[in-house]
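Participant: Below: one structure in structure tokens.
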Amino acid sequence: MSKIILDCDLMRYRNSGLYHYCLSLGIFVQNELEKSGNEISMYVPKAEKDSFGKNCNTITERKWHKKFPVKPFLWGCDIWHNPFQSGRMVPVNRKKTKVLLTIHDLNVLHEPVTESNKIKSLQHTQQLINKSDVIVCISHHTKNDVMTHMDTGNKPLYVIHNGTHQVTQPPTRPVSYEPNRPFLFTMGYVNRKKNFHTLVPLLKDTSRELIIAGKLDDPDYVSGIWNQARQLGVADRVHIPGPVPEEDKAWYFKNCESFLFPSLAEGFGAPVVEAMTFGKPLFLSNRTSLLEVAGDVAFYFRNFEADHMRQVYYEGMKEYGRNGLREKIIARGSDFSWERSAAKYVEVYKSMM
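153 is the number that our numbering gives to position 147 of the sequence shown; each next residue is one higher, with no gaps.
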């Protein structure tokens with residue numbers, strides 16, 4: 007029986023898509039491995055030691071782990087799975103332990119960052135690639151970026167799409183802000199990369215509201231959204247509540263007029279797949295992985311000029327209302343199953359044993 011360890015460091019960011027990605031990956035891979043009599047252990051932050059259930063093997067992170075080059079919990083480890091390209095640790099015992107690295111994106115190539123930050127980020131990812139034996143990318147877009155801009159040598163490289171975690175049953179009313187008129191919904195870290203400010207002009211000459219949920223990642227950018235909303239005279243209809251409970255997020259998905267995601271750079275686009283569960287109209291940027299994930303069930307902004315975005319939105323809403331697109335959107339979302347993704351990861355593990 008092989009010993010596999012999944013590094014769940016990402017779970018320290020509880021109000022994030024990365025948290026749910028790591029939790030879902032661990033749960034479904036564990037279930038899949040049990041079918042063949044294999045096990046996986048989760049290396050978790052202390053606060054998440056019970057998140058995978060009582061029957062899961064967990065290794066709780068301790069401060070002293072960072073101080074010792076030889077870490078006892080790595081003894082006998084056959085496969086160490088680092089599930090993010092900004093990860094922090096790979097095993098020292100390279101003779102025994104093989105490393106699987108999952109790369110979500112090389113978004114620094116596509117978003118507005120300084121040249122020095124771009125170089126630093128790519129160098130860190132390259133260091134992890136150098137220490138890895140096998141690489142998984144979460145989209146073909148990411149794979150293309152990796153093959154173009156990184157040196158992977160002759161290491162096996164796979165594409166495994168993320169699944170989507172089960173969206174919570176919506177409550178009767180949200181505990182966060184409850185709109186009283188039609189509203190547009192978007193979510194994610196509120197920073198420049200997500201490009202949320204381009205949605206504010208869609209409120210002009212309408213009575214709609216806009217809800218932007220998620221961690222307020224860039225205070226200057228958030229202030230800029232408010233300044234823009236005031237200049238357009240729509241500040242009373244813009245709501246930026248910060249992170250919201252899973253139940254409220256589900257309520258917003260269910261009750262919104264549409265879900266919009268004008269992001270400049272994504273490796274996958276988990277919020278888009280979550281929104282598909284409810285079959286609501288999808289309006290996305292045509293950048294990076296979003297075309298790959300949503301295919302022909304979404305409407306795309308080719309640029310972010312206000313007139314163009316309004317045209318895409320109103321034409322899209324008319325098209326959605328007359329072509330039965332809701333069922334196609336739901337069906338598309340069901341393609342992104344953690345059961346299928348976990349089975350593919352287990353096949354990769356077996357190839358490394």
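We put the CB at the ideal spot given by N, CA and C, even for glycine.
1. Starting from the C-beta of T174, find all residues in its chain whose C-beta is less than 7 Å away, skip the five residues before and the five after it, and write them out in chain order.
2. Whose CA, out of L205, P277, V352 and G275, lies closest to the CA of V244?
3. Cβ atoms of G230 and S145: under 8 Å apart, would you say?
4. Is the distance from the Cβ of L190 to the Cβ of L216 below 8 Å?
5. Going by C-alpha to C-alpha distance, which of H203, L163, P78 and L31 sits closest to D13?
6. Around the Cβ of H26, are there at least 16 other Cβ atoms within 10 angstroms (buried) or fewer (exposed)?
7. Nearest CA to the CA of M358: which residue from D84, K124 and R18?
8. Would you tell me roughly how many angstroms separate the C-alpha atoms of P249 and S127, rounded to the nearest one?
9. With a threshold of 16 other CB atoms inside 10 Å of the CB of M315, please say whether the residue is buried or exposed.
10. I need the straight-line Cα distance from I125 to G159, nearest angstrom please.
11. Check whether the Cβ atoms of R293 and L270 sit closer than 8 Å, and answer yes or no.
12. Among residues of its own chain, excluding the 5 on either side of A312, which ones have a beta-carbon nearer than 7 Å to its beta-carbon?
13. Report the residue from D139, K137 and V165 whose alpha carbon sits nearest the alpha carbon of N150.
14. Just verifying my parser: in three-state terms, what is the DSSP assignment at F274?
15. Looking at V279: is its Cβ nearer than 8 Å to the Cβ of F342?
Facilitator: The relevant details are as follows:
1. Indexing the sequence shown from 1 puts residue 174 at position 168. The residues are E252, E253 and A256.
2. Here residue 244 refers to the residue found at position 238 when the sequence shown is read from its first residue. Comparing Cα positions, the closest option is L205.
3. Position 139 of the sequence shown holds residue 145. Position 224 of the sequence shown holds residue 230. Going by C-beta atoms, S145 is not nearer than 8 Å to G230.
4. Reading the sequence shown from its first residue, position 184 is the one you call residue 190. Reading the sequence shown from its first residue, position 210 is the one you call residue 216. Yes, the Cβ-Cβ distance between L190 and L216 is below 8 Å.
5. Numbered from 1 along the sequence shown, position 7 holds the residue referred to as residue 13. For the residues H203, L163, P78 and L31, the minimum Cα distance to D13 belongs to L31.
6. As a first step, residue 26 is located in the sequence shown; it is residue number 20 there, counting from the start. Answer is buried; the Cβ neighbour count reaches 16.
7. Residue 358 sits at position 352 when you count from the first residue of the sequence shown. If we check each option's Cα against that of M358, D84 comes out closest.
8. One-based indexing of the sequence shown puts residue 249 at position 243. One-based indexing of the sequence shown puts residue 127 at position 121. Taking the straight line from one Cα to the other gives about 26 Å.
9. One-based indexing of the sequence shown puts residue 315 at position 309. Using a 10 angstroms sphere on the CB of M315, the tally of other CB atoms reaches 16 or more, which defines it as buried.
10. Locating residue 125 in the sequence shown gives position 119, counting from the first residue. Locating residue 159 in the sequence shown gives position 153, counting from the first residue. Roughly 20 Å between the two C-alpha positions.
11. Along the sequence shown, read from residue 1 onward, the residue named residue 293 stands at position 287. Along the sequence shown, read from residue 1 onward, the residue named residue 270 stands at position 264. Yes, the Cβ-Cβ distance between R293 and L270 is below 8 Å.
12. Working through the sequence shown from its first residue, we reach residue 312 at position 306. Around A312: P207.
13. By 1-based counting over the sequence shown, the position of residue 150 is 144. Of D139, K137 and V165, the residue nearest in Cα terms is V165.
14. Along the sequence shown, one-based indexing puts residue 274 at 268. It is coil, neither helix nor strand.
15. For the purposes of this step, residue 279 is taken as the residue at position 273 of the sequence shown. For the purposes of this step, residue 342 is taken as the residue at position 336 of the sequence shown. Contact: yes.
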